């Protein structure tokens, strides 16, 4: 159940529901017998599991399979929608946490399944099938921050989490954790399937989504996340998220 100092505003039923959270609201760690989808109709969600952190902005939907311990965090005032899937549909989804592009149709289905208008279970079953079919055809997105296992990578991650604008080279970061750039590059490839540049970009985009959800402008976010100029940030953000920071921010308000 989501919690914050004011308490969440929630509508819940067996197949899903909606939670309205103040910025910074978090849920207790939990796991469910059914897999579920989460969508932020407003704000940005992060979904945390032992595998890492999935980022769920407006044009994405997050998937957590049954049995995965997880918790959610809201960035900006967030309207979170949740849809539980029966096993017959969940088996068509990945067996690990994932993030997908959400089409216009999928968005409308998510809102319909979690809205206040009552509908029969038969109609809801049909909508859930349409939703899974849309996601099955959608591109899986790399809006995830995998969690490193190696202590040296964890040390580098702490530095960059605390200051995403840090421009220290991999060799320089390696000196602080007692590993060479070559060793860290190998660990990044083996554990996370990423280069250092890709990993740091994902981490910076994650922080950018949070800052944009909190109302900061593009120039301020670019500087805070390590880009020397807004144009470079806009290009990287658009490449990962699929829209410009300005359009994304406008869609959140």
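In the working numbering, the protein residues as written are 24 to 276. Ideal placement from N, C-alpha and C gives every residue a C-beta, glycine not left out. The structure displayed is predicted, hence computed values, not measured ones.
Open item on the list: Can you check which of these residues, 194, 60, 225, is closest to residue 158 by C-alpha distance?
Closed with: Per the C-alpha coordinates, the member of 194, 60, 225 positioned closest to residue 158 is 60.
Open item on the list: Measuring alpha carbon to alpha carbon, tell me which residue in 146, 132, 62 is nearest residue 121.
Closed with: Just measuring C-alpha positions, the residue of 146, 132, 62 sitting nearest residue 121 is 62.
- [ ] Would you kindly report the start and end of the unbroken beta strand (DSSP E) that includes residue 42?
- [x] First-last of the beta strand (DSSP E) with residue 42: 39-44.
Task: Closest Cα partner of residue 237 within the set 45, 155, 117, 153 - done: It is 45 whose Cα lies nearest to the Cα of residue 237.
Open item on the list: Along the chain, where does the beta strand (DSSP E) containing residue 76 start, and where does it finish?
Closed with: Start and end: 75-79.
- [ ] Can you tell me the Cβ-Cβ gap for residue 58 and residue 113, rounded? I've got them flagged as a contact below 8 Å.
- [x] Rounded to the nearest angstrom, the Cβ distance from residue 58 to residue 113 is 4 Å, consistent with a contact under 8 Å.
TODO: Note down the Cα distance separating residue 222 from residue 175, rounded to an integer number of angstroms.
DONE: Each residue's alpha carbon lies about 15 Å from the other.
Task: Same chain, Cβ closer than 6 Å to residue 266, neighbours up to 5 away in sequence not counted - done: Once the five neighbours on either side are set aside, residue 266 has no close Cβ partner at all.
Task: Cβ neighbour criterion (16 or more within 10 Å) applied to residue 252 - done: Residue 252 comes out exposed.
Open item on the list: Does residue 60 come out as helix, strand or coil in the three-state DSSP assignment?
Closed with: In the structure shown, residue 60 sits in a strand (DSSP, three-state: E or B).
- [ ] Using the Cα positions of residue 169 and residue 215, report the straight-line distance between them to the nearest angstrom.
- [x] Using only the alpha carbons, I get a separation of about 6 Å.
Task: Three-way DSSP call (helix, strand, coil) for residue 28 in this model - done: Below a pLDDT of 50, predicted positions are generally treated as unreliable, and residue 28, at 40, falls in that range; the measurement from the model is reported next regardless. Residue 28 falls in the coil class under three-state DSSP.
Task: Local Cβ density within 10 Å of residue 30, reported as buried at 16 or more and exposed below that - done: Low confidence applies here, because residue 30 scores a pLDDT of 47, under 50, leaving its location unreliable and the question unanswered by this model.
Task: Integer Cβ distance of residue 155 from residue 115, believed to fall under 8 Å - done: That belief holds up - the Cβ atoms of residue 155 and residue 115 are roughly 6 Å apart, short of 8 Å.
- [ ] Let me know if residue 18 comes out buried or exposed under the rule of 16 or more other beta-carbons within 10 Å of its beta-carbon.
- [x] Any answer about residue 18 is impossible in this case: the structure gives the chain only from 24 up to 276.
Task: residue 148: first and last residue of the uninterrupted alpha helix (DSSP H) it sits in - done: Counting along the chain, residue 148 sits inside the alpha helix (DSSP H) bounded by residues 144-160.
- [ ] Check whether the Cβ atoms of residue 106 and residue 38 lie closer than 8 Å to each other.
- [x] A distance below 8 Å separates the beta carbons of residue 106 and residue 38.
Task: Enclosing beta strand (DSSP E) for residue 167 [first to last residue] - done: That run of the beta strand (DSSP E) goes 167-169.
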